[in-house]
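> After the structure tokens below, expect a handful of questions from me.
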Amino acid sequence: MKPVTPIAGLMLATLALSSCAAPNPSAAPGTLIVAGYGGSYEEAFKQSVIPGFEKSCSCRVTYISGSSTDTVAKLKAQQAAPQIDVALIDDGVQNQAVQAGLLAKLDPKTVTNLADVIDLARLPGDVGVGFSLNATGIAYNTDYYAKNGLPAPKRLADLAHAGLKGKLVMPSITQTYGLGALLIAAKVGGGSEREVDPGFAGVKKVAANAVTFDTTADVSNYFLQGQAVASVWGNSRVQMLAKKGFPVAFVYPEEGALPLIATVNVVNKAPHPDLAQKFVNTLLEPAAQQAMAESNFNGPTVKGVELDPALAGKVVGQDRAAELRKLDWAVINENRSAWTDRWNKEIETS
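For my numbering, count along the sequence shown from 1 and bump the result up by 302.
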């Protein structure tokens, strides 16, 4: 992972000072508990976001890493006596947490940067907010395609090409990219979140080429070991693999890529609600947005954030964001269990 630049780190220290009230020397420091993504996200937070925030707010921050579903499971288990203050979770899982009453509304008087967040990342009732943007599309090994005379994929249906038999890693519907494949195929067939029959028909054709159905959301090893040369995957993960020198490219499918939004949320009845609100505001500062883009290739969700041109071409920019369709997660989550059962019967066992 490319470390966050010293300039970005300095900017984050400065922005944190402006985001929090002046420290009270007589007050005992609290400990803000943040639960969120591991890997490069965790490293970026610990290197660039947390140190400046701790200094400016006279508090300590403890970061607990885990998947979105793991974090929400913790919130549910602690609902009677919350121990976590801030939760970083994917937008689909976030909707489930909202429905369960686990998250609190953001205070616009403290989270002043809400006014600059793009529409795609604003959440109903401002219960949480998107702080970084990614997209689900197509990943493919450019060398393999060139050597075997395969045309670069442009649509999801192109993954059904006979030349990819046994060379496609298909994401399972149990993770976001598999769900994305289903919804992209549904749209192509004239359907939507409310009518997914065309989605199952389209995915079934593509899945005939699958060597496996991945449940981890990280298919890097399949590419590196040559087991797969194409997949439905996320842009930021593709860029992280390309950064290592691997010949892989990301394609925004013609039928439309789907957004993947990382959200930051204040936990309902959090032990330190004021600090939690201030932490959310810090993540929406331009320097924090830049740091996330530099470390993870995730696009900013705040208007006016400037990135180096080379980096800007690799993240989901706000021009692309305008083309992504907002998903109805309430409908998706209501039906996901039934879709999973159907997927297991029709796709993975066919």
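Ideal placement from N, C-alpha and C gives every residue a C-beta, glycine not left out.
Please read all numbers here as calculations on a predicted model, not as lab measurements.
1. Label asparagine 450 either buried or exposed according to how many other C-beta atoms from any shown protein chain fall within 10 Å of its C-beta, with 16 as the threshold for buried.
2. Rounded to whole angstroms, what is the Cα-Cα separation between proline 573 and proline 602?
3. Quick one: which unbroken alpha helix (DSSP H) runs of 4-plus residues sit fully inside the region 528-559? Chain order, please.
4. Output the distance between the C-alpha atoms of serine 370 and valine 395, rounded to the nearest integer angstrom.
5. Could you tell me whether the region 451-467 touches the region 622-634, where touching means 3 or more Cβ pairs closer than 8 Å?
6. Label valine 633 either buried or exposed according to how many other C-beta atoms from any shown protein chain fall within 10 Å of its C-beta, with 16 as the threshold for buried.
7. Among all the DSSP beta bridges, which residues are the ones paired with proline 473?
8. With 16 other CB atoms within 10 Å as the buried threshold, where does arginine 496 fall?
9. Is the number of C-beta pairs between the region 400-411 and the region 584-593 that are closer than 8 Å three or more?
10. Just curious, the alpha helix (DSSP H) that asparagine 523 is in, first and last residue?
11. Over what stretch of residues does the alpha helix (DSSP H) that includes leucine 377 continue unbroken?
12. Using CA atoms only, rank isn't needed, just tell me which of Ala530, Trp645 and Thr478 is closest to tyrosine 447.
13. Count the other C-beta atoms from every protein chain shown that fall within 10 angstroms of the C-beta of leucine 560, then say buried if there are 16 or more, exposed otherwise.
14. Report the residue from Val550, Met542 and Ala483 whose alpha carbon sits nearest the alpha carbon of valine 617.
15. Looking at the unbroken beta strand (DSSP E) that takes in valine 336, where does it start and where does it end?
16. Quick check on arginine 539: buried or exposed, where buried means 16 or more other Cβ atoms within 10 Å of its Cβ?
17. Does the Cβ-Cβ distance between asparagine 436 and leucine 562 come in under 8 Å?
18. Give me the DSSP bridge partner(s) of glutamate 497.
19. Are the region 347-367 and the region 330-339 touching, with three or more C-beta to C-beta distances below 8 Å?
20. Measuring straight from C-alpha to C-alpha, what distance separates valine 419 and lysine 467?
21. Could you work out which residue in Phe515, Ser533 and Thr476 is closest to histidine 463 when comparing CA atoms only?
22. Check whether the Cβ atoms of valine 413 and asparagine 583 lie closer than 8 Å to each other.
23. Taking tryptophan 645 as the reference, give the member of Asp499, Glu636, Ala454 and Lys571 with the closest Cα.
24. With distances taken Cα to Cα, identify the nearest neighbour of threonine 478 among Gly536, Lys628 and Asn600.
25. In the DSSP output, which residue or residues are listed as bridge partners for threonine 584?
26. Measuring straight from C-alpha to C-alpha, what distance separates lysine 628 and aspartate 421?
27. Using a 10 Å radius around the Cβ and a threshold of 16 neighbouring Cβ atoms, would you call proline 611 buried or exposed?
28. May I have the straight-line CA-CA distance separating asparagine 511 from glutamine 398, to the nearest angstrom?
29. Whose CA, out of Val508, Ser494, Gly504 and Ala551, lies closest to the CA of serine 522?
With the given structure in hand:
1. What you label residue 450 is simply residue 148 of the sequence shown in a count that begins at 1. Looking at its Cβ environment, which holds fewer than 16 other Cβ atoms inside 10 Å, asparagine 450 is exposed.
2. As a first step, residue 573 is located in the sequence shown; it is residue number 271 there, counting from the start. As a first step, residue 602 is located in the sequence shown; it is residue number 300 there, counting from the start. Distance between the alpha carbons of proline 573 and proline 602: 29 Å.
3. 537-545
4. Within the sequence shown, the letter at position 68 stands for residue 370. Within the sequence shown, the letter at position 93 stands for residue 395. Taking the straight line from one Cα to the other gives about 7 Å.
5. no
6. To locate residue 633, count along the sequence shown from 1; it is residue 331. Per the 10 Å Cβ criterion, exposed.
7. Here the question's residue 473 lines up with position 171 in the sequence shown. Proline 473 pairs with Asp516.
8. Here residue 496 is taken as the residue at index 194 of the sequence shown, counted from 1. Arginine 496 should be labelled exposed.
9. no
10. Numbered from its first residue, the sequence shown carries residue 523 at position 221. Unbroken alpha helix (DSSP H) run through asparagine 523: 522-526.
11. Counting from 1 along the sequence shown, the entry for residue 377 is found at position 75. 370-379 is the span of the alpha helix (DSSP H), which, as asked, contains leucine 377.
12. Here residue 447 refers to the residue found at position 145 when the sequence shown is read from its first residue. When only C-alpha atoms are compared, the closest one is Ala530.
13. On the sequence shown, position 258 is the one that residue 560 refers to. Label assigned to leucine 560: buried.
14. For the purposes of this step, residue 617 is taken as residue 315 along the sequence shown, with counting starting at 1. When only C-alpha atoms are compared, the closest one is Met542.
15. As a working mapping, residue 336 is identified with position 34 in the sequence shown. Run containing valine 336: 333-338, per the beta strand (DSSP E) assignment.
16. To locate residue 539, count along the sequence shown from 1; it is residue 237. Buried.
17. Here residue 436 refers to the residue found at position 134 when the sequence shown is read from its first residue. Here residue 562 refers to the residue found at position 260 when the sequence shown is read from its first residue. Closer than 8 Å, so yes.
18. Mapped onto the sequence shown, residue 497 falls at position 195. Note: glutamate 497 sits in a beta bridge opposite Ser494.
19. yes
20. Mapped onto the sequence shown, residue 419 falls at position 117. Mapped onto the sequence shown, residue 467 falls at position 165. Roughly 43 Å separates the two Cα atoms.
21. On the sequence shown, position 161 is the one that residue 463 refers to. Here the closest residue by C-alpha is Ser533.
22. On the sequence shown, residue 413 is found 111 positions in, with the first residue counted as 1. On the sequence shown, residue 583 is found 281 positions in, with the first residue counted as 1. Taking 8 Å as the Cβ cut-off, valine 413 and asparagine 583 qualify as a contacting pair.
23. Walking along the sequence shown from the start, residue 645 turns up at place 343. That would be Asp499, whose Cα lies nearest to the Cα of tryptophan 645.
24. Along the sequence shown, one-based indexing puts residue 478 at 176. When only C-alpha atoms are compared, the closest one is Gly536.
25. What you label residue 584 is simply residue 282 of the sequence shown in a count that begins at 1. Paired residues: none, contrary to the question.
26. Within the sequence shown, numbered from 1, the residue matching residue 628 stands at position 326. Within the sequence shown, numbered from 1, the residue matching residue 421 stands at position 119. Roughly 9 Å separates the two Cα atoms.
27. By 1-based counting over the sequence shown, the position of residue 611 is 309. Under this definition proline 611 is an exposed residue.
28. Locating residue 511 in the sequence shown gives position 209, where the first residue counts as 1. Locating residue 398 in the sequence shown gives position 96, where the first residue counts as 1. Going by the C-alpha atoms only, they are around 33 Å apart.
29. To locate residue 522, count along the sequence shown from 1; it is residue 220. The residue with the shortest Cα to Cα distance from serine 522 is Ala551.
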